[in-house]
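Counting from 86, one number per residue, gives the positions in the sequence shown under our numbering. Since the structure comes first, as structure tokens, the remarks are kept for the end.
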Amino acid sequence: MKILILSLLSLLVPLAPTTDITPNDWVTKQISVEPFSDLSIESAGNIVVLYSEKNTLQINGEGPCVDTFKATVIDNRLHLSKLEGYDNCKAEVVIGAPKIVDISVKNGGIINLSSVKADSMFASIEDGGVISLEAEEFLYGKIRGGGVINYKGNPFVYKHIIDFGEVKRN
86 MKILILSLLS
96 LLVPLAPTTD
106 ITPNDWVTKQ
116 ISVEPFSDLS
126 IESAGNIVVL
136 YSEKNTLQIN
146 GEGPCVDTFK
156 ATVIDNRLHL
166 SKLEGYDNCK
176 AEVVIGAPKI
186 VDISVKNGGI
196 INLSSVKADS
206 MFASIEDGGV
216 ISLEAEEFLY
226 GKIRGGGVIN
236 YKGNPFVYKH
246 IIDFGEVKRN
């Protein structure tokens, strides 16, 4: 029996991937940003927003992938997007903020900002995406062309859904 198990394992070893990407292979890029309380995200992938006393932006990922993101702050809003043609890049964006009031997502992405509590939150998704957040008093959830807004807390919720989508309590 022992020989049979070892024989089967030896057959599986050549099937193991030769290039395994681990966090040790990733690089980190810190981007200095002006203060902001609103987010506008387009085609940027996975994003985590954490509470921080000041605004920060960090991109973790495969070497060349960290340079595919464009970030600018205009009128108190951080605009974040990824260059076209880099959909297969593996990267994660970490945003630090003391408060977020308004978030809009366009063309997909998974944005988790449930660690930044807000009294009121305006969240919109256009053409797919998922936003997870926490709001205490008021949530305006707008979805056009698909998406999901997951929320924690007990806010008054106003939903504006065009085509399809869902605003739901977690």
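Think of the CB as a built atom: it goes at the ideal place given N, C-alpha and C, for glycine as much as any other residue. Owing to the predicted nature of the structure, the values given are computational and were not obtained by experimental measurement.
- At a Cβ-Cβ threshold of 8 angstroms, Ile159 and Ile188 do not count as neighbours.
- Around the beta carbon of Pro240, a 10 Å sphere encloses 16 or more other beta carbons of the protein chains shown; the residue is thus reported as buried.
- A residue is called buried once 16 or more other Cβ atoms fall within 10 Å of its Cβ, and Ser209 is buried on that count.
- Taking C-alpha positions only, Ala220 is separated from Val201 by approximately 9 angstroms.
- Leaving aside the five residues that flank Leu168 on each side, the residues in its chain whose CB is nearer than 6 angstroms to its CB run, in chain order, Thr153.
- Taking C-alpha positions only, Glu222 is separated from Ser205 by approximately 6 angstroms.
- Within the segment 170–199, complete beta strand (DSSP E) segments of at least 3 residues are found at 176–182, 187–191, 195–197, given in chain order.
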